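Sequence order for the protein chains is A and B. Its first residue numbered 0, the first sequence is counted upward by one per residue in numbering that gives the first Met the number 0. Its first residue numbered 0, the second sequence is counted upward by one per residue in numbering that gives the first Met the number 0. Where is the CB? At the ideal position from N, CA and C, for every residue including glycine. Fair warning: this is a prediction, and the values are worked out from it, not measured in the lab.
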Amino acid sequence: MNGVHDMGGVHGLAPLVIERNEPVFHEPWEGRLWALVTAVSAWGRWNLDALRAQHEVIPAADYLRASYHERWLIALTEIAVSHGLVTREEVESGRPAPGSPKVVPPLQASMVIELRRRGSPKTRTVERPCRFNPGDVVRTRNIHPKTHTRLPRYARDKQGVILSLHGAHVFPYSNAQFQGENPQPLYTVRFEARVLWGDAANPRDTVCLDLWEDYLEPA
Amino acid sequence: MSADPDHPHAHGHNHDHGQEPPSSATLRVKALESLLVEKGLVDPAALDTIIDYYETKVGPRNGARVVARAWTDPAYKARLLADATAAIAELGYAGFQGEHMVAVENTPAIHNMIVCTLCSCYPWPILGLPPNWYKSAAYRSRTIIEPRAVLAEFGLDLPDSIEVRVWDSTAEVRYLVVPERPDGTENLSEGQLAGLVTRDAMVGTARVRAP
Numbered sequence: 000m001n002g003v004h005d006m007g008g009v010h011g012l013a014p015l016v017i018e019r020n021e022p023v024f025h026e027p028w029e030g031r032l033w034a035l036v037t038a039v040s041a042w043g044r045w046n047l048d049a050l051r052a053q054h055e056v057i058p059a060a061d062y063l064r065a066s067y068h069e070r071w072l073i074a075l076t077e078i079a080v081s082h083g084l085v086t087r088e089e090v091e092s093g094r095p096a097p098g099s100p101k102v103v104p105p106l107q108a109s110m111v112i113e114l115r116r117r118g119s120p121k122t123r124t125v126e127r128p129c130r131f132n133p134g135d136v137v138r139t140r141n142i143h144p145k146t147h148t149r150l151p152r153y154a155r156d157k158q159g160v161i162l163s164l165h166g167a168h169v170f171p172y173s174n175a176q177f178q179g180e181n182p183q184p185l186y187t188v189r190f191e192a193r194v195l196w197g198d199a200a201n202p203r204d205t206v207c208l209d210l211w212e213d214y215l216e217p218a
Numbered sequence: 000m001s002a003d004p005d006h007p008h009a010h011g012h013n014h015d016h017g018q019e020p021p022s023s024a025t026l027r028v029k030a031l032e033s034l035l036v037e038k039g040l041v042d043p044a045a046l047d048t049i050i051d052y053y054e055t056k057v058g059p060r061n062g063a064r065v066v067a068r069a070w071t072d073p074a075y076k077a078r079l080l081a082d083a084t085a086a087i088a089e090l091g092y093a094g095f096q097g098e099h100m101v102a103v104e105n106t107p108a109i110h111n112m113i114v115c116t117l118c119s120c121y122p123w124p125i126l127g128l129p130p131n132w133y134k135s136a137a138y139r140s141r142t143i144i145e146p147r148a149v150l151a152e153f154g155l156d157l158p159d160s161i162e163v164r165v166w167d168s169t170a171e172v173r174y175l176v177v178p179e180r181p182d183g184t185e186n187l188s189e190g191q192l193a194g195l196v197t198r199d200a201m202v203g204t205a206r207v208r209a210p
């Protein structure tokens, strides 16, 4: 979607603040929240693409006003409600609804390190042949889906060159909507900075994006 | 404020803890955690373990070991540039948000720099969770259109003769910048070299300096 999260090239958002000796979490609640995101996601009701998409539907003014961890708090709450793990009333009261059953959490402390280290690879084996090869000139599609996309606005309808192929990866557009993984070739595409930003850009500079085959057409 | 190898000229940051009432976020997260625990949806001990993982098990020291190995072992460096996921796993680092790693090498002709304009994707197993500036609207919006201006604010002025190559992390591929080994470090051990490699150098917003 053409949301405020798609920030590449936007002017005037905020000054850059570089903090020294930054802790991993600035406040204890940030760590607790971060752990909650991991532990609740272990129920497997949603996927990472859906979780990212949940950030993108935060109303624009709220998105910009909120801190990174405040956005996560909003996204986690909303996705947990919409997938039925908790109700809105429970979130507001902070207490389980009367008579709601107590379940057993899928993520136990003893499993945390192993599961973090195992990760969640997004590569899949597919029959689909690759349409492009390194060195091919491609053009990104001029698309404006109202749902989750990983093709930023600044890189739409732009010509670039295939730099490398990463095999078939889960496609966020369909996966975020729970419409299947639709795995397909993922390429790194290299663009001249001047193609994206005009003559003000340094003629030597380049920008690389990882783009799924459905985002690309032959140039 | 003590010396920070990443940010010799950066802004300070002060919080006055202890005098204020708990913030709204503190109360909301506490309420959410208590609800989720009471319903049996999360295990409180697992939460502590997750926090410990992000505070002590992952961080830039992991990536620094990878870079120092690449600097001292040409065969390792070749493996790292060919298949970074496997080469990083050789040193014991793998996992969530590092499943598909690519290492990009800085040279006298090319300076690489990493951003995620759409959210804040970052290679957690080797760099830990990202710093606030990486997640900021300023970095996400500006790096892609004016990388040289952003680099200058980090204290790095690059001549026009160098290509600045910005990598926008739009998929699940995560990037490690292999910075240039500084002159005058020929006699340092791999461990000593690792001590020089900063997080910012591995994101591409700094160079590594000789001690």
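Residues in the same chain with beta-carbon distance under 6 Å from residue i, minus the five sequence neighbours each way, listed in chain order, please.
i                        : result
serine 119 of chain B    : Pro129 and Lys134
glycine 203 of chain B   : Asn111, Met112, Ile113 and Val176
aspartate 3 of chain B   : In this prediction, aspartate 3 of chain B scores a pLDDT of 48, lower than 50, which makes its location untrustworthy; the coordinate-derived value is nonetheless stated afterwards. Contacts found: none.
aspartate 135 of chain A : Ile161
Got a sec, what are the start and stop residues for the alpha helix (DSSP H) residue i sits in?
i                         : result
methionine 201 of chain B : 198-202
serine 163 of chain A     : No alpha helix (DSSP H) holds serine 163 of chain A; the beta strand (DSSP E) holding it covers 158-168.
isoleucine 125 of chain B : 123-126
glycine 54 of chain A     : For clarity, residue 54 of chain A is histidine in the given sequence; the question names glycine instead. Segment 47-55, the alpha helix (DSSP H) holding histidine 54 of chain A.
proline 59 of chain B     : 59-71
leucine 114 of chain A    : 111-117
proline 43 of chain B     : 43-51
May I ask which residues mark the beginning and end of the beta strand (DSSP E) holding residue i?
i                         : result
arginine 173 of chain B   : 172-177
arginine 180 of chain B   : Unbroken run through arginine 180 of chain B: none, as it is neither H nor E.
tryptophan 211 of chain A : 205-211
arginine 138 of chain A   : 136-139
isoleucine 109 of chain B : 109-114
Kindly indicate which three-state DSSP category residue i falls into: helix, strand or coil?
i                         : result
glutamate 216 of chain A  : strand
aspartate 167 of chain B  : strand
alanine 93 of chain B     : coil
proline 184 of chain A    : strand
glutamate 185 of chain B  : coil
methionine 100 of chain B : strand
glutamate 29 of chain A   : helix
glutamate 145 of chain B  : coil
glutamate 191 of chain A  : strand
threonine 106 of chain B  : coil
arginine 27 of chain B    : helix
threonine 148 of chain A  : coil
threonine 37 of chain A   : helix
glutamate 77 of chain A   : helix
glutamate 21 of chain A   : coil
Taking a contact to mean a Cβ-Cβ separation below 8 Å, would you say residue i touches residue j in this structure?
i                        : j                        : result
aspartate 204 of chain A : proline 146 of chain B   : yes
tryptophan 45 of chain A : isoleucine 78 of chain A : yes
arginine 31 of chain A   : leucine 46 of chain B    : yes
glutamate 89 of chain A  : proline 95 of chain A    : yes
arginine 189 of chain A  : alanine 200 of chain A   : no
arginine 139 of chain B  : cysteine 115 of chain B  : yes
histidine 82 of chain A  : alanine 170 of chain B   : no
tryptophan 70 of chain B : glycine 97 of chain B    : no
arginine 130 of chain A  : proline 182 of chain A   : no
glycine 127 of chain B   : valine 57 of chain B     : yes
tyrosine 214 of chain A  : leucine 164 of chain A   : no
So, at 7 Å on beta carbons, what are the nonlocal neighbours of residue i in its own chain, with the 5 sequence-adjacent residues on each side left out?
i                       : result
leucine 63 of chain A   : Val3
glutamate 29 of chain A : His68
histidine 10 of chain A : none
alanine 86 of chain B   : Tyr75, Arg78 and Leu79
Quick one: residues in its chain with C-beta nearer than 8 Å to the C-beta of residue i, no 5 flanking neighbours on either side, listed in chain order?
i                        : result
leucine 106 of chain A   : Thr37, Ala38, Ala41 and Leu114
leucine 162 of chain A   : Pro133, Tyr186, Thr187, Val188, Arg189 and Cys207
glutamate 162 of chain B : Ala108, Ile109 and His110
Going by CA-CA distance only, name the one from the options that's closest to residue i.
i                        : options                                 : result
glutamate 26 of chain A  : A:Asp5, A:His68, A:Arg51 and A:Leu12    : A:His68
arginine 138 of chain A  : A:His82, A:Ala13 and A:Glu191           : A:Glu191
arginine 164 of chain B  : B:Ile87, B:Pro107 and B:Gly39           : B:Pro107
arginine 116 of chain A  : B:Val28, B:Pro181, B:Ser160 and B:Tyr92 : B:Tyr92
aspartate 156 of chain A : A:His147, A:His143 and A:Gly166         : A:His143
Is residue i near the ligand ZN, in the sense that its beta carbon is under 7 Å from a heavy atom of that ligand?
i                    : result
valine 66 of chain B : As presented, the structure is devoid of all ligands, the ligand ZN included, so that no description of it is given.
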